[in-house]
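Peer 1: Before anything else, here's the structure in question.
In the numbering used here, the protein residues as written are 41 to 177.
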């Protein structure tokens with residue numbers, strides 16, 4: 041069970057985890073022990089709120105495939121338990137980021153006084169630079 045927030049909880053049957061052999065260095069264990077974790081989470085079939093599902097599917101993340109399945113491969117540690125915890129933490133971070141509703145942008149405008157001040161300072165600076173030029177006869 042993965043608690044994202046007090047109201048959103050993902051049960052273990054929604055998360056599919058398999059142990060696979062890790063790549064890279066591992067000494068004698070690399071060919072014998074399946075310490076890496078392959079986590080799969082189907083967004084569309086999950087119990088997440090609909091708006092959260094939409095935000096997750098809109099994310100431009102390489103871990104989300106075209107079918108709407110999050111695939112996380114954890115193989116950083118030599119221990120299977122640590123890799124399992126790491127995969128669940130990464131899933132938690134991804135879903136937590138999608139839960140946050142982005143604030144709508146309120147269009148703003150510069151005040152007339154600020155625009156006037158900026159133009160006056162530009163004119164003053166232009167005059168100062170023009171006074172530095174050589175005087176022609």
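Backbone N, C-alpha and C fix where the C-beta goes; we use that ideal spot for every residue, glycine too. Note that this is a predicted model, so its numbers are computed, not measured.
CA-CA distance, residue 87 and residue 119?
Peer 2: Reading the chain shown from its first residue, position 47 is the one you call residue 87. Reading the chain shown from its first residue, position 79 is the one you call residue 119. Cα-Cα distance, rounded: 30 Å.
Peer 1: Here's the rule I'm using: 16 or more other beta-carbon atoms within 10 Å means buried, otherwise exposed. How should residue 123 be labelled?
Peer 2: For the purposes of this step, residue 123 is identified with residue 83 of the chain shown, where counting begins at 1. Classification for residue 123: buried.
Peer 1: With which residues is residue 82 paired in a DSSP beta bridge?
Peer 2: One-based indexing of the chain shown puts residue 82 at position 42. Answer by DSSP bridge pairing, in chain order: 109.
Peer 1: Jot down the residue ranges of each uninterrupted alpha helix (DSSP H) in the segment 90–136, minimum 4 residues, whole runs only, in chain order.
Peer 2: Here the runs fully enclosed are 90–98.
Peer 1: Taking its Cβ as the centre, do 16 or more other Cβ atoms sit within 10 Å of residue 135, making it buried, or is it exposed?
Peer 2: As a working mapping, residue 135 is identified with position 95 in the chain shown. That one is buried.
Peer 1: Between which two residues does the alpha helix (DSSP H) holding residue 48 run?
Peer 2: What you label residue 48 is simply residue 8 of the chain shown in a count that begins at 1. That residue, residue 48, is in no alpha helix (DSSP H); it is neither H nor E in DSSP.
Peer 1: Report buried or exposed for residue 131, applying the criterion of at least 16 other Cβ atoms within 10 angstroms of its Cβ.
Peer 2: Along the chain shown, read from residue 1 onward, the residue named residue 131 stands at position 91. So residue 131 ends up on the buried side.
Peer 1: For residue 110 and residue 83, which I take to be in contact (beta-carbon distance under 8 Å), what is that distance rounded to the nearest angstrom?
Peer 2: The count along the chain shown starts at 1 and reaches residue 110 at position 70. The count along the chain shown starts at 1 and reaches residue 83 at position 43. Right, the Cβ-Cβ distance comes to about 7 Å (below 8 Å), so this counts as a contact.
Peer 1: Classify residue 76 as helix, strand or coil using the three-state DSSP reduction.
Peer 2: Residue 76 sits at position 36 when you count from the first residue of the chain shown. The answer is strand: DSSP assigns residue 76 an E or B state.
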